[in-house]
Structure formats: structure tokens, C-alpha cells
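There are 2 protein chains.
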Amino acid sequence: MSKPAEKKTDPDFCIPTFDDVEVAHERIKPFIHRTPVLTSSYMNALSGAQLFFKCENFQKAGAFKVRGASNAVFGLDAQTAETGVATHSSGNHALSLSYAAGQRGIPVTVVMPRTAPDAKKAAVRGYGGTVVECEPSTSSREEVFAEVVARSGADFVHPYNDHRVIAGQATCSKELVDEVNDLDAVVAPIGGGGMISGSCLTLSNIAPNTKIYAAEPLNADDAWRSFKAGHIIADDAPQTVADGLKVPLKELTWHFVSNHVEDILLATEQEIIDAMYLTWQRMKIVIEPSSAVPLAVILKNREVFAGKRVGIIITGGNVDLNKLPWMQT
Amino acid sequence: MSKPAEKKTDPDFCIPTFDDVEVAHERIKPFIHRTPVLTSSYMNALSGAQLFFKCENFQKAGAFKVRGASNAVFGLDAQTAETGVATHSSGNHALSLSYAAGQRGIPVTVVMPRTAPDAKKAAVRGYGGTVVECEPSTSSREEVFAEVVARSGADFVHPYNDHRVIAGQATCSKELVDEVNDLDAVVAPIGGGGMISGSCLTLSNIAPNTKIYAAEPLNADDAWRSFKAGHIIADDAPQTVADGLKVPLKELTWHFVSNHVEDILLATEQEIIDAMYLTWQRMKIVIEPSSAVPLAVILKNREVFAGKRVGIIITGGNVDLNKLPWMQT
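Those protein sequence lines, which keep their order, are chains Y and B. Position 292 (the first sequence) corresponds to 291 in numbering that gives the first Met the number 0; numbering is contiguous. Position 121 (the second sequence) corresponds to 120 in numbering that gives the first Met the number 0; numbering is contiguous.
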């Protein structure tokens with residue numbers, strides 16, 4: 000059905016295939032949870048659709064990102080592994096890469112802005128990672144990260160623009176369609192596009208009739224504008240409660256988005272917060288704001304989804320319980 | 000193994016048997032979820048035990064109470080059912096009885112203090128129930144409730160001192176031991192004692208080597224004092240964040256507690272709030288304060304549970320998301 004990953008001239012531009020996904024799934028199984036798929040008669044009645052929530056908030060380290068990070072870490076040959084891995088992230092990828100490296104027992108360095116929450120830094124260290132602080136600017140981050148790589152020789156695992164990472168994230172939709180058949184659509188949040196790309200990779204191969212929708216905050220609609228324009232548009236620091244979705248598409252994720260996504264649907268900040276609150280209240284699960292964007296767009300676009308069987312990727316559950324968005328005044 | 004429910008002279012004092020539990024389970028299956036049992040490597044490491052969380056926060060109407068309420072409602076003969084059911088409660092039993100009556104399509108009246116949260120009254124009405132308000136005092140509640148029953152002829156379904164309700168709650172532990180074998184102990188919260196009594200009923204019959212521990216707030220320790228004294232001690236309006244656990248034991252639940260409970264363990268308000276926060280943060284599930292008392296006492300009494308396989312009943316997830324206890328200043 001598909002060939003091994005095709006290497007292009009640019010070594011970073013390597014499009015993963017479904018064979019890579021199957022290899023990834025076997026590789027990472029010991030280190031991830033097979034997360035449950037939840038349903039809710041209340042949410043079904045509200046949306047007019049049959050909704051299947053793939054709950055990556057129950058995943059190791061609290062988010063799907065551990066799939067891609069584990070695939071990258073456990074795919075390294077012994078010699079490369081010895082020098083360790085590195086990334087820059089202040090979010091779930093930082094935790095996930097630290098978790099995966101800790102499981103393999105190899106060094107991991109995460110470059111984080113000094114302004115990142117102490118809890119995030121502590122969590123990285125808790126998994127055995129090293130935090131190197133930079134100033135909260137792109138130039139400082141790039142400079143500090145280059146120093147880290149030059150000094151350590153660590154392998155850079157990008158949060159999403161990496162074929163190993165995308166193949167790992169693709170295992171999530173694979174589990175979903177293994178468990179729920181005949182899905183008419185899958186809706187996942189879009190930020191940098193790692194999860195959407197993984198979903199495209201899997202579904203286009205094993206469930207080609209399932210349409211793929213990306214859900215994006217209106218306040219960070221660079222993927223939507225890219226999709227309409229036909230080329231990548233990157234924004235500088237958009238502001239949204241869905242803090243996992245602020246980053247722009249890159250070449251690899253644009254490949255999947257432009258080729259396989261049916262549409263990108265937008266939700267306002269209030270719609271995202273309302274969908275998040277409703278999910279906590281009715282489904283009794285802790286999800287992060289990014290994970291509420293799919294439900295928000297489904298409730299907003301009933302005509303698109305009514306009567307359909309729809310998978311929703313709940314991407315993660317890492318929130319500050321002391322600062323919930325519906326309580327901000 | 001056990002005989003049908005034995006009727007005593009007092010018609011209210013009818014001790015349910017395990018046969019009643021099996022009948023109840025078949026009866027209520029169409030109206031309840033078989034809730035999942037979750038595990039957490041983090042919680043295991045923290046406690047030194049192997050913990051199995053039976054998640055009734057995912058139950059219909061958000062709590063285990065729907066088991067007992069459904070058993071009572073669907074066990075009524077057609078003629079009695081026609082005149083409906085009634086109860087007094089401002090908590091999960093009110094929602095659960097309304098849900099069950101709504102499923103059967105029979106009238107349900109709930110007497111609630113006029114000071115009860117509007118959200119609770121709205122939820123009862125949302126399931127098709129009628130709310131009758133009383134003043135927030137025992138005398139007013141009893142007077143109003145007597146009027147309701149006299150007028151409607153409704154069948155009174157007590158929140159816990161009712162053999163049908165206890166047989167229904169007993170199906171929860173039955174599912175737990177069906178799924179997890181060789182449990183050394185089960186820990187459940189204790190308020191009026193409905194869940195603990197159901198657990199005693201099931202475990203003493205099908206898992207007699209499993210020890211049963213009740214977990215109670217120190218601020219509402221009437222069950223603990225009853226247990227030590229050898230007779231029921233009822234407090235007047237204790238104050239605790241675990242608002243489902245303020246009510247006293249009654250004859251039927253005292254029967255089970257005094258005969259089958261290994262020990263009652265106490266937790267302070269702060270310990271309960273910490274355990275609740277930790278569960279939300281690490282397990283990504285929304286649980287109410289009462290549900291956190293078992294984890295609180297397990298973490299406090301490591302020497303009792305270390306190295307053991309321990310079931311925990313997460314009784315419910317109905318909380319006010321706008322007013323979380325760790326945010327109170």
C-alpha cells in the first residue's frame with residue numbers, strides 16, 4: 000500500500016509512509032498507553048452527530064506528543080542515542096521528549112524561555128531532562144539551541160516538522176480506526192500540524208473515505224489562511240487560550256495539510272472555552288483548551304457533521320488547575 | 000450462597016442479599032454505564048500499592064447513585080410506578096432518581112431546600128423531575144416531604160437506608176471484582192453508608208478475603224465514632240468540603256458497616272483537597288471531593304496498603320467548576 004520513507008535532497012524533507020507508522024506503533028507500544036475512546040450521549044444529542052473521543056489526555060506525560068517523541072528516541076541507533084536528544088519547546092513536546100529519553104536512559108536537553116512556568120521546567124527535570132534557559136525571543140532561542148547542539152552533538156527532535164514525529168503521531172488515528180469503524184470524519188486541532196499530518200497519513204492509507212477536518216482558533220488562524228492561500232503563512236506570536244496551537248505550519252506538515260485536509264474550521268476564544276467547560280462538566284475529563292477546539296467547531300457547524308460518525312482527537316490534558324480560562328475576569 | 004431478602008417485622012428493615020444484587024444488575028444494565036477501571040503508574044509509585052480506580056464519575060448522572068435509584072425505580076410494579084417516586088436530597092441522589100424515573104417515564108418529586116444551588120434544581124427538572132422547595136431545616140423538610148407523599152402517594156426512595164438502593168450500589172463492587180482479581184482491599188468513602196454497604200454485601204459474598212475500608216472526612220467523623228462506640232452516632236450538620244459525606248448512618252447501613260468493615264480511616268480537609276487536586280492533575284479526571292477521601296487515607300496510611308492490590312471507588316464527578324476547593328482563599 001505504501002513505500003518506505005522517501006528521502007528527498009533536503010534531508011529534513013522526508014515524507015513518512017504508512018509503513019513507517021506501523022514500524023512506529025510496534026516500536027513505541029511499550030512506552031505509551033493505548034488510550035480509551037469515550038462516547039457521551041449528551042454530546043451526541045447536542046451535536047446531532049455520533050462522536051468518538053480519542054482521549055490522549057490520558058496518554059503518558061498527558062498528551063499525544065509522547066507518540067512522536069518516543070518514535071524519534073527509540074528509533075535512534077545506539078551511537079546517536081548515546082549523545083542524546085534536544086529540542087526547544089515550553090509545552091507538551093518538552094515533557095514528552097524528556098519522558099521518552101528518560102525511558103531509554105539517554106540525555107535530553109530542552110531549551111525553554113526563562114519566562115516559562117516553573118511547573119513545566121520542574122516536570123522536564125522530573126523526567127530526568129536538562130533545562131537550558133534562553134531569553135523569550137526567537138533569536139535568543141535559536142542562538143542558545145545552536146550552542147546546545149554544537150556542544151553536545153544531540154539529535155534535534157523538532158516538535159512537528161520531523162518525519163519520525165509525524166509517523167509517531169499517526170499511530171493515534173490508527174488506534175482510533177482500529178476501534179471505531181466507518182468514521183465519516185475525524186476532527187483534530189491544528190497548530191504546527193503534527194497531529195493533523197499524522198491523521199492524514201493514517202487515514203489516507205487505511206480509511207480513505209474518512210474526511211479530515213482541522214480545527215483552529217480564530218485568533219491563531221494562520222493554518223486557515225495558508226489553506227485558503229495555497230502556501231504557508233506564518234504569524235508572529237498569535238494570542239489564544241489554546242496555547243498549544245500558536246505555532247505555524249512547516250514544510251512537512253504543509254505537505255499533508257494541503258493534500259489531505261477537507262477543510263479548516265475556526266472557533267472563537269469564547270467558543271473554545273465553552274466547549275472545554277462543557278467537556279469537563281459532562282464528560283468528567285480534564286482536557287486542555289487546544290483539545291476543545293474540535294468540539295467547538297462541530298457545535299458551530301452542525302450542518303457539516305449532523306448524522307455523521309465523527310472521531311475527535313482530544314490531544315492532551317495538561318492545564319494549570321489554578322488558572323482555568325472560564326474563571327479569568 | 001445467599002437467600003432472597005429477609006423481611007423483618009419493621010418493613011423498612013429488610014437486609015438485601017447477593018441474589019438481590021444479581022437481580023439488580025440485570026435490571027439496571029440498560030440504564031447505567033459499566034464504568035471503566037483506571038490505573039496510574041504515578042499513583043502506584045506514590046502510594047507503594049497497586050491502585051484500581053472504579054470510575055463512577057463517568058456514570059450516568061455523574062455518580063454511582065444512579066445504580067440504587069434505577070434498581071428502586073425499575074423494580075416497582077406497574078401500579079406503584081404509576082404514582083411515581085419521591086425523595087429528599089439536594090445531591091447526587093436527587094439527580095439519579097430523576098434520571099431513573101425519567102427513563103421509566105414515571106413522575107418524580109424531589110424536596111430540596113430553597114437554598115440549594117439553582118444548578119441542582121435545574122438538573123432535576125432537566126431530567127423531568129418536579130422540585131418542591133422547603134426551608135433549610137430538618138423540620139421543614141420532613142413536613143413538606145410528608146405532604147408530598149400524602150398528596151401523590153409516591154413511593155419514597157431513601158438515598159441509602161433502603162434495601163433496593165443498597166442492592167443497586169452493590170453492583171459497583173461486583174463489576175470491580177469481575178474485572179480485577181485478587182484485590183486485597185477496597186476503599187470507599189462513607190457518608191450515609193450506601194456505597195460501603197453495597198460493597199460489603201458484594202465482597203462478603205464473592206470476595207470474602209478482600210478487606211473493606213471506609214474513608215471519612217475528619218470533620219464529619221460520625222461513622223468513625225459510631226464504629227468505635229458500637230452504635231450509631233449522628234452529628235448535626237458537620238462541615239466538610241466532601242459534601243456528599245455529611246449524612247449519618249442509619250439502621251440498614253449500620254448493619255453492614257458494623258459487620259463487615261475492617262476499619263474507618265480519616266482525612267483532614269487539606270488532605271482531601273490535595274488528593275482531589277492530584278487526581279485531576281495526574282489522572283485527568285474530574286472527581287468530586289468525596290471521591291478523593293479514599294486516596295487521601297491511602298496516602299496517609301501507607302503501612303496499611305503498601306504492596307497491596309487496592310480497589311478505590313471514585314463515587315462521582317459532580318462539582319461546581321466555578322468554585323474549586325483549592326482556589327478558595
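All residues carry an ideal CB built from backbone N, CA and C; glycine is no exception. Remember, it's a predicted structure, so these values are computed and weren't measured experimentally.
Item to check | Backbone CA spacing between Y/Pro135 and Y/Leu200 [nearest angstrom] | outcome: If you number the first sequence from 1, residue 135 of chain Y lands on position 136. If you number the first sequence from 1, residue 200 of chain Y lands on position 201. Looking at the two C-alpha atoms, the distance is approximately 34 Å.
Checklist entry - Could you give the C-beta distance for B/Ser172 and B/Val186, rounded to a whole number, given that I count them as a contact under 8 Å? => result As a working note, residue 172 of chain B is residue 173 in the second sequence. As a working note, residue 186 of chain B is residue 187 in the second sequence. Actually they do not touch by this definition, with Cβ atoms about 11 Å apart.
Checklist entry - With 16 other CB atoms within 10 Å as the buried threshold, where does Y/Trp325 fall? => result Here residue 325 of chain Y corresponds to residue number 326 of the first sequence, with the count starting at 1. Looking at its Cβ environment, which holds fewer than 16 other Cβ atoms inside 10 Å, Y/Trp325 is exposed.
Checklist entry - How is B/Pro3 classed by DSSP in three states: helix, strand or coil? => result Numbered from 1 along the second sequence, position 4 holds the residue referred to as residue 3 of chain B. The pLDDT assigned to B/Pro3 is 49, lower than 50, so where the model puts this residue is not dependable; a value taken from the coordinates is nonetheless given after this. DSSP places B/Pro3 in coil when its eight states are reduced to three.
Item to check | Buried or exposed (CB count within 10 angstroms, at least 16 for buried), B/Ser40 | outcome: Indexing the second sequence from 1 puts residue 40 of chain B at position 41. Classification for B/Ser40: exposed.
Item to check | Minimum Cβ-Cβ distance from Y/Val285 to chain B less than 8 Å | outcome: Looking up residue 285 of chain Y in the first sequence gives position 286. With 8 Å as the cut-off, Y/Val285 counts as an interface residue toward chain B.
Next on the checklist: Helix, strand or coil, according to DSSP, for Y/Lys283 in the structure here?
Outcome noted: On the first sequence, residue 283 of chain Y is found 284 positions in, with the first residue counted as 1. DSSP places Y/Lys283 in the coil class of the three-state scheme, outside both helix and strand.
Checklist entry - Does the segment 92 to 103 of chain Y come within contact of the segment 58 to 70 of chain Y, defined as at least 3 CB pairs closer than 8 Å? => result With a cut-off of 8 Å on Cβ pairs, the segment 92 to 103 of chain Y is in contact with the segment 58 to 70 of chain Y, counting three or more such pairs.
Checklist entry - Would you call Y/Gln168 buried or exposed, if buried means 16 or more other Cβ atoms sit within 10 Å of its Cβ? => result Here residue 168 of chain Y corresponds to residue number 169 of the first sequence, with the count starting at 1. Buried, since its Cβ has 16 or more Cβ neighbours within 10 Å.
Next on the checklist: For B/Gln49, list the residues DSSP reports as bridge partners.
Outcome noted: Counted from its first residue, the second sequence places residue 49 of chain B at position 50. Partner(s): B/Arg308.
Checklist entry - Exposed or buried, which one is B/Pro188 when buried takes at least 16 other CB atoms within 10 Å? => result Start at 1 with the first residue of the second sequence, and residue 188 of chain B comes out as number 189. With 16 or more other Cβ atoms within 10 Å, it is buried.
Checklist entry - What residue does the alpha helix (DSSP H) around B/Leu182 start on, and which one ends it? => result Taking the second sequence and counting its residues from 1, the one referred to as residue 182 of chain B is at position 183. Careful: B/Leu182 lies outside any alpha helix (DSSP H) and carries neither H nor E.
Next on the checklist: Pop quiz: Y/His259 and Y/Ile211 are said to be a contact at Cβ under 8 Å. What is the actual Cβ separation, rounded to whole angstroms?
Outcome noted: Here residue 259 of chain Y corresponds to residue number 260 of the first sequence, with the count starting at 1. Here residue 211 of chain Y corresponds to residue number 212 of the first sequence, with the count starting at 1. Rounded, the Cβ-Cβ distance is 6 Å, consistent with contact.
Next on the checklist: Quick check on this structure: which residue in B/Ile313, B/Gly193 and B/Gln280 has the alpha carbon closest to the alpha carbon of B/Glu250?
Outcome noted: Position 251 of the second sequence holds residue 250 of chain B. Closest option to B/Glu250, Cα to Cα, is B/Gly193.
Checklist entry - Once you ignore the five residues that flank Y/Arg281 on each side, which residues in its own chain have a CB closer than 7 Å to its CB? => result The residue given as residue 281 of chain Y occupies position 282 in the first sequence. Closer than 7 Å at the Cβ level, and outside the excluded window around Y/Arg281, lie Ser39, Tyr41 and Met42.
Checklist entry - In chain B, which residues lie with their C-beta within 7 Å of the C-beta of Y/Phe12? => result Here residue 12 of chain Y is taken as the residue at index 13 of the first sequence, counted from 1. Neighbours of Y/Phe12 on chain B: none; closest Cβ ~35 Å, over 7 Å.
Checklist entry - Name the chain Y residues that come within less than 9 Å of B/Leu320, Cβ to Cβ? => result By 1-based counting over the second sequence, the position of residue 320 of chain B is 321. Residues of chain Y passing the Cβ test: Tyr276, Trp279, Gln280, Leu323, Trp325 and Met326.
Next on the checklist: How far does the alpha helix (DSSP H) with B/Glu132 in it extend, from its first residue to its last?
Outcome noted: For the purposes of this step, residue 132 of chain B is identified with residue 133 of the second sequence, where counting begins at 1. Segment Thr129 to Cys133 is the beta strand (DSSP E) holding B/Glu132; no alpha helix (DSSP H) there.
Item to check | Beta-carbon spacing of Y/Gly243, Y/Thr314 below 8 Å | outcome: Along the first sequence, read from residue 1 onward, the residue named residue 243 of chain Y stands at position 244. Along the first sequence, read from residue 1 onward, the residue named residue 314 of chain Y stands at position 315. Yes, the pair counts as a contact, with Cβ atoms nearer than the cut-off.
Checklist entry - In whole angstroms, what separates the C-alpha of Y/Glu174 from that of Y/Arg33? => result In the first sequence, counting from the first residue as 1, residue 174 of chain Y sits at position 175. In the first sequence, counting from the first residue as 1, residue 33 of chain Y sits at position 34. Roughly 7 Å between the two C-alpha positions.
Checklist entry - Secondary structure at Y/Lys249, three-state DSSP: helix, strand or coil? => result Translated into the one-based positions of the first sequence, residue 249 of chain Y becomes position 250. Three-state result, Y/Lys249: coil.
Next on the checklist: Considering just the uninterrupted stretch of the beta strand (DSSP E) at B/Ile105, what are its terminal residues?
Outcome noted: Sequence index remark: in the second sequence, residue 105 of chain B carries index 106 (1-based). No beta strand (DSSP E) holds B/Ile105; DSSP gives it neither H nor E.
Checklist entry - When you compare only the Cα positions, how much space is there between B/Lys6 and B/Thr16? => result Along the second sequence, read from residue 1 onward, the residue named residue 6 of chain B stands at position 7. Along the second sequence, read from residue 1 onward, the residue named residue 16 of chain B stands at position 17. In this predicted model, B/Lys6 has a pLDDT of only 44, less than 50, meaning its place in the structure is not dependable enough to derive any value.
Item to check | Which of helix, strand or coil DSSP assigns to Y/Ala233 | outcome: Position 234 of the first sequence, counting from 1, holds the residue named residue 233 of chain Y. The DSSP-derived three-state label of Y/Ala233 is coil.
Item to check | Stretch-stretch touch, CB-based, cutoff 8 Å, three pairs: the segment 252 to 268 of chain B with the segment 298 to 311 of chain Y | outcome: Contact fails: fewer than three Cβ-Cβ distances are below 8 Å.
Item to check | Y/Met275 to Y/Ile195 span [Cα, whole Å] | outcome: On the first sequence, residue 275 of chain Y is found 276 positions in, with the first residue counted as 1. On the first sequence, residue 195 of chain Y is found 196 positions in, with the first residue counted as 1. Distance between the alpha carbons of Y/Met275 and Y/Ile195: 20 Å.
Item to check | Option nearest Y/Arg26 by Cα separation, candidates Y/Gln102, Y/Tyr159, Y/Phe155 and Y/Pro237 | outcome: As a position in the first sequence, residue 26 of chain Y is number 27, starting the count at 1. Nearest of Y/Gln102, Y/Tyr159, Y/Phe155 and Y/Pro237 to Y/Arg26, Cα basis: Y/Gln102.
Item to check | Positions along the segment 49 to 63 of chain B whose CB lies within less than 7 Å of some CB in chain Y | outcome: Asn56, Phe57 and Gly61
Checklist entry - Of all the CB atoms in chain B, is at least one closer than 8 Å to the CB of Y/Ile101? => result Indexing the first sequence from 1 puts residue 101 of chain Y at position 102. The question names Ile, but residue 101 of chain Y is Gly in the sequence shown. Y/Gly101 does not count as touching chain B.
Checklist entry - From which residue to which residue does the beta strand (DSSP E) around Y/Ile263 run? => result For the purposes of this step, residue 263 of chain Y is taken as residue 264 along the first sequence, with counting starting at 1. Run containing Y/Ile263: Asp262 to Ala266, per the beta strand (DSSP E) assignment.
Checklist entry - DSSP state of B/Phe63, grouped into three classes? => result For the purposes of this step, residue 63 of chain B is taken as the residue at position 64 of the second sequence. Under the three-state reduction of DSSP output, B/Phe63 falls in the coil class, being neither helix nor strand.
Next on the checklist: Is there a C-beta anywhere in chain B that falls below 8 Å from the one on Y/Pro35?
Outcome noted: Counted from its first residue, the first sequence places residue 35 of chain Y at position 36. Chain B, which has a Cβ nearer than 8 Å to the Cβ of Y/Pro35, makes this yes.
Checklist entry - B/Gly197 by DSSP, collapsed to three states: which one? => result Translated into positions along the second sequence, residue 197 of chain B becomes position 198. The answer is helix: DSSP assigns B/Gly197 an H, G or I state.
Checklist entry - Looking at the C-beta of B/Gly125, does it have a partner C-beta in chain Y at a distance below 8 Å? => result For the purposes of this step, residue 125 of chain B is identified with residue 126 of the second sequence, where counting begins at 1. So no, B/Gly125 is outside the interface.
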